[in-house]
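Residue numbers (full-length UniProt numbering): 1 to 275.
The beta-carbon is built from N, C-alpha and C at its ideal position, and this holds for glycine as well.
Worksheet: one structure, shown below.
This is the structure:
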């Protein structure tokens with residue numbers, strides 16, 4: 001039986017990463033449907049936001065290049081929202097797997113909490129669907145700072161996107177699909193690949209979550225009626241064996257993560273006996 005796969009992202013339906021991931025999934029014989037935000041929705045985590053027109057969520061057909069016959073939609077909603085409605089049959093038969101990405105920039109360390117790419121995968125897993133988040137390590141701290149200020153990443157960087165090694169991340173992700181399908185439903189595989197040809201990868205390794213991401217937000221300036229933020233590289237080196245360190249060393253990193261789980265190591269004994 002062919003595996004039904006939803007492919008989504010937070011970079012938007014026109015992003016090159018989602019096209020590369022969809023193309024690779026089709027080549028593996030998967031039953032693919034693509035649904036992603038009409039516009040970039042980075043940093044939305046698992047937000048449930050949508051744009052309505054006359055009380056209806058906006059959904060536009062958006063055929064992808066070189067993928068004739070693959071249904072693809074631009075949706076006025078966040079990645080998490082899109083994933084949730086897909087699981088309820090909004091785009092045809094519900095998927096059994098969600099692949100979210102390929103994100104333009106690594107999603108590594110505990111900063112994955114804020115990622116719309118990872119948020120879509122968390123939403124899927126929380127609702128009983130296996131999911132993977134896939135990212136390509138392309139952003140420098142300088143590019144991230146420009147994006148965080150609300151300005152578009154410079155045109156030259158966008159032009160280079162066509163030359164990025166999206167296929168490397170796609171191949172790593174789809175090679176991991178059997179592991180994902182045998183993993184517990186509530187788990188998510190978070191995959192990060194360096195921007196290298198597949199033949200130049202040093203390998204694929206299990207990466208522990210770094211205590212920070214590749215960049216961290218800081219308050220650059222505050223005054224009456226405003227705050228200005230920026231992103232900067234952490235002041236400490238990544239610990240060996242973490243996802244951030246593996247990427248820097250030329251490895252693809254895979255981390256098994258879970259979203260909302262109950263903490264059982266907090267002492268709450270006796271509360272049920274209180275009046």
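Does the Cβ of residue i have 16 or more other Cβ atoms within 10 Å, making it buried, or fewer, making it exposed?
i           : result
residue 130 : buried
residue 100 : buried
Of the choices the options, whose alpha-carbon is the least far from that of residue i?
i           : options           : result
residue 60  : 13, 197, 96       : 13
residue 199 : 167, 179, 226     : 167
residue 10  : 37, 22, 32, 109   : 37
residue 58  : 71, 78, 163       : 78
residue 49  : 252, 244, 116, 88 : 116
residue 259 : 84, 187, 51, 53   : 187
residue 253 : 270, 34, 106      : 106
residue 174 : 223, 209, 22, 8   : 22
residue 113 : 80, 195, 246, 20  : 80
For residue i, does the three-state DSSP call read helix, strand or coil?
i           : result
residue 226 : strand
residue 87  : helix
residue 194 : strand
residue 100 : strand
residue 52  : strand
residue 271 : helix
residue 257 : strand
residue 82  : helix
residue 189 : strand
residue 64  : coil
residue 40  : coil
residue 219 : strand
residue 280 : No information on residue 280 is available, as it lies outside the stretch 1 to 275 that the chain covers here.
Roughly how many angstroms lie between the CA atoms of residue i and residue j, to the nearest whole one?
i           : j           : result
residue 128 : residue 184 : 10 Å
residue 124 : residue 273 : 37 Å
residue 93  : residue 4   : 8 Å
residue 263 : residue 164 : 40 Å
residue 207 : residue 261 : 21 Å
residue 170 : residue 66  : 16 Å
residue 52  : residue 71  : 21 Å
residue 238 : residue 202 : 18 Å
residue 176 : residue 43  : 25 Å
residue 276 : residue 219 : With the chain covering 1 to 275 only, the question about residue 276 has no answer from this structure.
residue 83  : residue 29  : 21 Å
residue 85  : residue 120 : 11 Å
residue 16  : residue 268 : 48 Å
residue 209 : residue 126 : 20 Å
Where do the N-terminal and C-terminal ends of the beta strand (DSSP E) with residue i fall, by residue?
i           : result
residue 135 : 130-137
residue 172 : Counting along the chain, residue 172 falls outside any beta strand (DSSP E), though it belongs to the alpha helix (DSSP H) covering 166-175.
residue 31  : 31-37
residue 73  : 72-75
residue 206 : 204-206
Provide the residue span of the alpha helix (DSSP H) that contains residue i, from first to last.
i           : result
residue 20  : 16-27
residue 247 : 243-248
residue 126 : 116-126
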